[in-house]
Each structure stands twice: as C-alpha cells, then as structure tokens.
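Working notes for the structure below.
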Amino acid sequence: MDKSKRLFLKKKNKKRSFRRPLSPIKPGDRIDPKNLSLINRFISQQGKILSRRVTRLTLKQQRFITLAIKHARILALLPFLNNEKKLKRTKRTARTTGLRTRERTKPTARPTGLRTINK
Numbered sequence: 001m002d003k004s005k006r007l008f009l010k011k012k013n014k015k016r017s018f019r020r021p022l023s024p025i026k027p028g029d030r031i032d033p034k035n036l037s038l039i040n041r042f043i044s045q046q047g048k049i050l051s052r053r054v055t056r057l058t059l060k061q062q063r064f065i066t067l068a069i070k071h072a073r074i075l076a077l078l079p080f081l082n083n084e085k086k087l088k089r090t091k092r093t094a095r096t097t098g099l100r101t102r103e104r105t106k107p108t109a110r111p112t113g114l115r116t117i118n119k
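Each residue of the sequence shown is one higher than the one before, starting from 1 at the first, in full-length UniProt numbering.
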C-alpha cells in the first residue's frame with residue numbers, strides 16, 4: 001500500500017495514561033485570610049486574583065481562596081491594587097520644564113454672526 005493511502009486509514013485507539021495534576025493546596029493547609037503565605041501564591045504581581053486554569057485549583061478551593069483574598073483586602077492585610085511605580089523621576093528634564101513654563105495665550109474672540117464676503 002502506498003504511503004499516501006496510509007494516511008487515511010484509521011489508527012487504533014491507544015489508551016493514554018491520565019494523571020491529574022496535584023493541587024497546590026495541601027489537605028492540611030487552612031484557607032484563611034491571615035494565611036498570607038498561601039494567599040500570595042494565587043495573586044498576580046498586579047494584585048489580581050489568578051484564574052482556576054492558571055492555579056489548577058478545584059472550584060470549591062477557588063471560591064474559598066477568592067473569599068479569603070477579599071477578606072484580607074478588607075482587613076488591610078493585602079492591598080487592593082499593587083501599582084508601585086518602579087521608575088521615579090527625581091529631576092525634571094529640559095524638555096518637560098520648557099513645556100510647563102510656556103505661557104498660554106487666550107484665543108482671540110471671533111465675531112458672531114454672518115461673515116461678509118469681499119469681492
């Protein structure tokens with residue numbers, strides 16, 4: 001049989017071994033708003049709650065983690081937003097200082113009404 005015809009033959013279904021990935025939360029871990037070492041694993045650098053697909057949690061665990069994060073934010077253990085600016089400008093550059101010192105002129109008042117066309 002030609003190789004080109006072999007492509008269309010059905011392949012036998014091979015059983016693949018299925019191994020469920022382990023949950024990042026151990027059975028002994030308590031999901032608690034004060035347990036910041038556990039909660040910080042499920043928050044992005046921006047302070048957002050990571051999704052189930054990323055964290056590999058079950059639905060029940062994700063609900064408990066979400067509630068714990070929200071309670072920790074209310075108790076001021078976690079910030080609502082984590083937007084620390086890493087680059088801080090200490091000196092003003094010549095470009096920005098020139099823009100701020102420039103005086104603004106008021107626009108001239110335009111006459112209202114119909115304009116006459118000079119011929």
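Even glycine gets a Cβ: it sits at the ideal position worked out from N, Cα and C.
Computed from a predicted structure; not experimentally measured.
Among the options, the one whose alpha carbon lies nearest that of residue i
i           : options                            : result
Leu-22      : Asp-32, Lys-14, Lys-70 and Arg-56  : Arg-56
Gln-61      : Arg-19, Arg-20, Lys-15 and Lys-26  : Lys-26
Lys-34      : His-71, Phe-80 and Arg-16          : His-71
Leu-36      : Thr-66, Lys-15 and Arg-20          : Thr-66
residue 162 : Arg-63, Ile-49 and Thr-58          : Nothing about residue 162 can be read from this structure; the chain reaches only from 1 to 119.
Arg-52      : Gly-28, Phe-64 and Lys-14          : Phe-64
Thr-58      : Gln-46, Gln-45, Arg-20 and Asn-83  : Arg-20
Pro-24      : Val-54, Asn-118, Lys-15 and Arg-16 : Val-54
Assigned exposure category for residue i - 16 Cβ within 10 Å defines buried
i      : result
Leu-78 : buried
Phe-42 : buried
Ile-74 : exposed
C-beta atoms of residue i and residue j nearer than 7 angstroms
i      : j      : result
Ile-31 : Ile-69 : no
Collapsed DSSP secondary structure at residue i in the structure displayed
i      : result
Ile-31 : coil
Ile-25 : coil
Lys-70 : helix
heavy atom of the ligand ATP below 6 angstroms from residue i C-beta
i      : result
Leu-81 : Absent from the structure shown: the ligand ATP. Ligands present: none.
For a minimum of 4 consecutive residues, which ranges assigned as the alpha helix (DSSP H) are wholly contained in the segment 30 to 63?
Runs of the alpha helix (DSSP H) spanning 4 or more residues and lying entirely within the segment 30 to 63 occur at 36 to 39 and 52 to 55, in chain order.
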